[in-house]
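First up is the structure itself, then whatever we jot down about it.
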Amino acid sequence: AQEVGDLPFLYQPGMLSSAWGVGIRQLAAGLGVDVDEIRDSVGQEPAPEDFDVAVGTIKKGTVAAVRFLIEGLVGGKPVIVVEHI
Numbered sequence: 136a137q138e139v140g141d142l143p144f145l146y147q148p149g150m151l152s153s154a155w156g157v158g159i160r161q162l163a164a165g166l167g168v169d170v171d172e173i174r175d176s177v178g179q180e181p182a183p184e185d186f187d188v189a190v191g192t193i194k195k196g197t198v199a200a201v202r203f204l205i206e207g208l209v210g211g212k213p214v215i216v217v218e219h220i
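This note's numbering applies: residue 136 is where the sequence shown begins, and numbers increase by one.
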């Protein structure tokens, strides 16, 4: 079970931008957009109670869901967003 706040290597700051940044820049180039910055964020949601899923039991308080974003920014605003839930 993974505790909320215990982030795997892929979710460490900057790792998602490194992994997905090339795709965002390629999409931006195809759209004729110059991306100033790429940023990422990760959110975790704890299980409100124990529940069973196909691979086992998710215990109350452990990570039940993860959401992450990788954003291509122009002028400080996100114009290309990759979101995984």
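Just so it is clear, CB atoms sit at the ideal spot from N, CA and C, and this is done for glycine as well.
query                                                                                                           : result
Leu166 burial status per 10 Å Cβ neighbour count (16 or more: buried)                                           : exposed
Other residues of its chain near Glu218: CB distance less than 6 Å, five sequence neighbours each side excluded : Leu204
Assigned secondary structure, Leu142 (DSSP; H/G/I helix, E/B strand, else coil)                                 : coil
Assigned secondary structure, Gly158 (DSSP; H/G/I helix, E/B strand, else coil)                                 : helix
Segments of 4+ residues assigned as alpha helix (DSSP H) that fall wholly inside the stretch 148-193            : 150-166
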